[in-house]
Amino acid sequence: MLLRHTKPDVMERTALTINPAKTCQPIGAMYAAFGIRGCMPHSHGSQGCCAYHRSALTRHYKEPVSATTSSFTEGSSVFGGQANLLSAIENIFTIYNPDVIAVHTTCLSETIGDDIPQIADKAAKEGKVPSGKHIIHCNTPSYVGSHVTGFAGMVKAMVHYFAQSTGKRNGSVNIIPGWVEPSDMEEIKRLAGLMGIKSTLFPDTSGVLNGPLTGEYRMFPDAGTPVSALQAAGDAVGTLALGEWASAEAARLLDSKCKVPCKVLDLPIGLAATDRFIDTLRTVAGTTVPDSVEFERGQLVDVISDYHQWLYGKKVALVGDPDQLIALTEFLVSLDMQPIHIVSGTPGKRFEARIKEITESLGRPVNVRCGANADMFLLHQWMLNEPVDLIIGNTYCKYMARDLDVPLVRHGFPILDRPGHQYFPTVGYKGAMRLLEKILSALLDRKDRDDPEETFELVI
Amino acid sequence: MSVIKKKSGALPDPEKVKSEILAKYPPKVARKRAKQIVTTAPDMETPPEIMANVRTIPGIMTMRGCTYAGCKGVILGPTRDIVNITHGPIGCGFYSWLTRRNQTRPATPESENFMTYCFSTDMQDENIIFGGEKKLRAAIQEAYDLFRPKAIAVFSTCPVGLIGDDVHAISREMKEKLGINVFAFSCEGYKGVSQSAGHHIANNQIFTHVVGKDDTAPEGRFRITMLGEYNIGGDAFEIERLLEKCGITLVATFSGNSTYDQFARAHTADLCTVMCHRSINYVADMLETKYGIPWIKVNFIGAKATAKSLRRIAAYFEDKELIDRVERVIAEEMPAVEAAREAVLPRTTGKTAMLFVGGSRAHHYQELFKEMGMKTLSAGYEFGHRDDYEGRRVIPDIKVDADSRNIEEIEVSADEKRFRARKTGEQLRRLESEGVSFKEYEGLMADMKDNPAAVIDDLNQYEAEKLVEAYRPDIFCAGIKEKFSIQKLGIPMKQLHSYDSGGPYAGFTGAVNFYKEIDRLVNSKVFAYAKAPWQKNPELSATYVWE
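So the protein sequences, as listed, match chains X and F. Under this note's numbering, the first sequence has 92 at position 109, and the numbering climbs by one with no breaks. Under this note's numbering, the second sequence has 1601 at position 291, and the numbering climbs by one with no breaks.
Below, the structure written as structure tokens:
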């Protein structure tokens, strides 16, 4: 009854978004900035944006999320935010002493038209930037794109501000992991390590947003990609960008700026996408795939074969970010499941085409939509018209899951009510096994609940 | 930090802690913060003057949010049957989507409840360039077509104010067209200096557009309103239970577990009670001026405070039957509270707390801690004004700065038809002499005289960390943004904006819940595991221990 007012008749809406499947650009930029070692994300606008973004990230990671704001008031909105940013820069370096301040804009500062590089230059000229310290920025008006494109913007800024080419290759491979969890970044590094590949991952939030409790608090832990590694990214032998939406722009900029060739792959979620990731790594680095990685792969195939009967033909509704959904959909199709309702609030023309391509083998129409008005209200209406066996999406899906009495596997951003995503990856073969375990547990728990007593089975 | 809590248990002098905190700031910042950090002492006669409700210093990690958050999230958030449309890019609507643990209890399973929905115009760049009025108009129409609500409210976000969309004109136009109440809030995030401005804007518009629309008084001899109660963690449910048990009719709550109709007939009450002084004291004043309803400050946080508040309400109505009934309810409820208190006291007595929350909570919750034998070492408001710290007597002295001047003040006068003085001047004076004080709030500092303590306005993360290092309190209370940096330091942190997983904490049942929760937190084993055994012991030489 939580969404009691949602009725099955789909009315085309042009103006009203209900239960959005995205949020705004700055929060993505803030998350990406945590992947730089010693970095203070700074929100240039009203302090509410920063408060909301810190709260949302804190609730998702259950970790301190330290970020600063220009604290605009009405005056700054009229006269511009330069004075606020200048004093913010001075205060941040004096009080918190980060290596980098990563400024992102908000809809307010964008609408006013504040020029961040000009203000940062002025701060440097006024001696407000200690030597060896950096200010980087990206433009993230909230009325463009989504949290995913904001993330992409800050990753691009890392390349723009730091990557340098000395003309001498350093033998390293850049991996841009996209908007994934700290645990996923850790897993990508582990896989590259197993392959014997020297790699630089950026951004890298592992150890920053899934840190230990030690009785001490360090605002800037020894984690994240160091500035020196970001500078050296310009000398890498190649770049793997995982995800067209979150990573490709930065990789292409690195290619044009420093002539580091790049390949854009899907996020390595599920069997086939991980295969392509491993195979590309092998080719780029000119190495062979070790037995340990093949062993993990074989285990995944084994689990799929052992439990295929519970997956076959099951209908799934999905909501989330495009890079995530493309890989997830492909994984579900490979399991012979039927992802039939798919929405992503993030705009991007290629999304619907990719999903159609991936789901073609289902031999049936699939509801897919992205961008403005592709919201969870629409997804709910689709489910009222054609019910599903499983929902995969963020925490907000729990309202629909409860009302429709359909099991939910939490995946994506934000997850506010369950632990695990910070610590256990869903990328790679191990990650696919975890995802599979979650899907199977949800379906089988439901079966155990619903089966009549005479068919209640001990052995599955 | 050199000033650290001594092993003997003696606490550092708050003045010394203050100067250590200020030492790190650039001079200009230090000068300003010095006025926002004051100390209380047992011998103080009147509370020291504190600087409050002033701009946050850019770059300093504040606990504060914005005007929109105060308006849409705090005040209108807990109201279930108004379709609240955020006019702006998607973020503001998304983040205010039931993130404050608003609870509500519709009368029937079919009754209206839009609280689990998030409505936004999701403005795109073309709406910023060409204006968003057309889109807003269409969004209101679509919301009406889909949900047929009795009211639709529109909330402006930062860019809307800049591009100049006339949300009020569109609301008037749509109100006319649809025949339901449509009204708007100019609550752009950049207005004012904190959420407080948003509360003000929200309350003023509810007062203007809703209060007084329905003259049907609910049945009951003792009709009151509850102002500044937001049903965090189900607090309103507990207060409603108690009032009902006492035979007191709750006409409206602003705005926990509330409905549009409740607001519309709020003026039919005979007494207004104010919980959160900060967020709503001016509405109490307006209800008095326009409709003749006197107001008293109450506090339902803490068992003693609850009993006192119930007695004060009963005293106001001067009805023997009610006074007796309230006494019976208190007598019935208190044994369970006492039993729970006795059970935790051995484990909580002498422990210490810090509270940096909202606009009255940093004050109210000290009552509960006192009941558990716990001392508050430091406290402050996230968005309080001077009167919340120093008491209402300073209101005439508060300088109105440019940021506050931008927040609309509405002038009200007695309603020709509806004004009815509930008590004569003489009656009020007599009640005052018997201890029922009207329009009175002494502020937080009056209750912090017992021990030297630091009172800090608009605390920031750096200062929180320094306070914790200096005092090592047994518990720290604030919001979600502060929670995990405090816990990393090995100190349990209790959210008092949204209660984490707990609540209700109001009333008698709430007090029992709170005692148990705080007992759990201050005696939790987990923080003792922060250091591994080998980190606590001296280094061993490089030989095996059994050699």
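Glycine included, every Cβ here is placed at the ideal spot set by N, Cα and C. Small disclaimer: the values here were computed from a predicted structure and weren't measured.
The C-alpha of GLN364 of chain X lies about 7 Å from the C-alpha of VAL(-7) of chain X. Residue state for LEU1665 of chain F is assigned as strand, using DSSP reduced to three classes. One Cα belongs to GLY221 of chain X, the other to GLY414 of chain X, and the distance between them is close to 25 Å. Using a Cβ-Cβ cut-off of 8 Å, VAL127 of chain X counts as an interface residue toward chain F, since at least one Cβ of chain F sits closer than that to its own. Between ALA357 of chain X and the set X:VAL272, X:PHE439, X:GLU(-5) and X:LYS(-10), the nearest pair of CA atoms involves X:GLU(-5). Apart from sequence neighbours up to five positions away, the residues of its chain that approach ARG280 of chain X with a beta-carbon distance below 7 Å are TYR412, ordered along the chain. Under the 10 Å beta carbon count, TYR406 of chain X is surrounded by fewer than 16 other beta carbons and is classified as exposed. At a Cβ-Cβ threshold of 8 Å, ARG1622 of chain F and ILE1606 of chain F count as neighbours.
With three or more CB-CB distances shorter than 8 Å, the stretch 143 to 161 of chain X counts as touching the stretch 229 to 243 of chain X. As the crow flies, the alpha-carbon of THR88 of chain X is around 27 Å from that of LEU308 of chain X.
Separation of ARG1638 of chain F and LYS1630 of chain F (C-alpha to C-alpha, rounded to the nearest whole angstrom) is 12 Å.
Per the C-alpha coordinates, the member of F:GLU1628, F:GLY1538 and F:GLY1544 positioned closest to ASP1580 of chain F is F:GLU1628. Residue environment for SER1795 of chain F: buried (at least 16 other C-beta atoms within 10 angstroms of its C-beta). SER1589 of chain F sits close to GLY1538 of chain F, with the two beta carbons spaced by under 8 Å. Contacts with chain X at 8 Å (Cβ-Cβ) include VAL1503 of chain F. Every unbroken stretch of the beta strand (DSSP E) spanning 3 or more residues and falling wholly within the stretch 332 to 384 of chain X is given here in chain order: 350 to 353 and 373 to 376. In the displayed model, CYS241 of chain X falls within a helix according to three-state DSSP.
DSSP, reduced to helix, strand and coil, places ILE1542 of chain F within a strand of the structure shown. For MET1664 of chain F against PRO1814 of chain F, the beta-carbon gap comes to about 22 Å, at or over 8 Å, which does not count as contact. Scanning X:SER211, X:LEU399, X:PRO322 and X:GLY18 for the CA closest to the CA of LYS116 of chain X turns up X:SER211.
The straight-line gap separating the alpha-carbon atoms of GLY28 of chain X and VAL86 of chain X is approximately 10 Å. For PRO305 of chain X, not one C-beta of chain F is nearer than 8 Å to its own C-beta. Between the beta-carbon of SER1688 of chain F and that of LEU1777 of chain F there is about 6 Å, and that keeps the pair under the 8 Å contact cut. Our two residues, MET1684 of chain F and PRO1656 of chain F, have alpha carbons roughly 11 Å apart in a direct line. Under the three-pair Cβ rule at 8 Å, the stretch 111 to 126 of chain X counts as touching the stretch 1432 to 1442 of chain F. In the displayed model, TRP1605 of chain F falls within a strand according to three-state DSSP. Three or more beta-carbon pairs separated by less than 8 Å link the stretch 338 to 350 of chain X to the stretch 308 to 327 of chain X, which places the two stretches in contact. According to the DSSP assignment, GLN321 of chain X belongs to the beta strand (DSSP E) that extends over 321 to 327. Under the DSSP assignment, VAL61 of chain X falls outside any beta strand (DSSP E), being part of the alpha helix (DSSP H) whose first and last residues are 57 to 62.
The beta-bridge partner set that DSSP reports for PRO24 of chain X consists of X:ALA85.
Per DSSP, reduced to three states, the secondary structure at SER1568 of chain F is strand. If you draw a straight line from the Cα of ASP1707 of chain F to the Cα of GLY1612 of chain F, it is about 31 Å long. At a cut-off of 8 Å between C-beta atoms, ALA310 of chain X does not count as an interface residue with respect to chain F. A contact is defined here as three or more CB-CB pairs under 8 Å, and the stretch 364 to 374 of chain X fails this definition with respect to the stretch 5 to 14 of chain X. Residue pairing by DSSP puts MET1536 of chain F in a beta bridge opposite F:THR1563 and F:THR1583.
Rounded to the nearest whole angstrom, the C-alpha separation of LEU387 of chain X and ILE1 of chain X is 18 Å.
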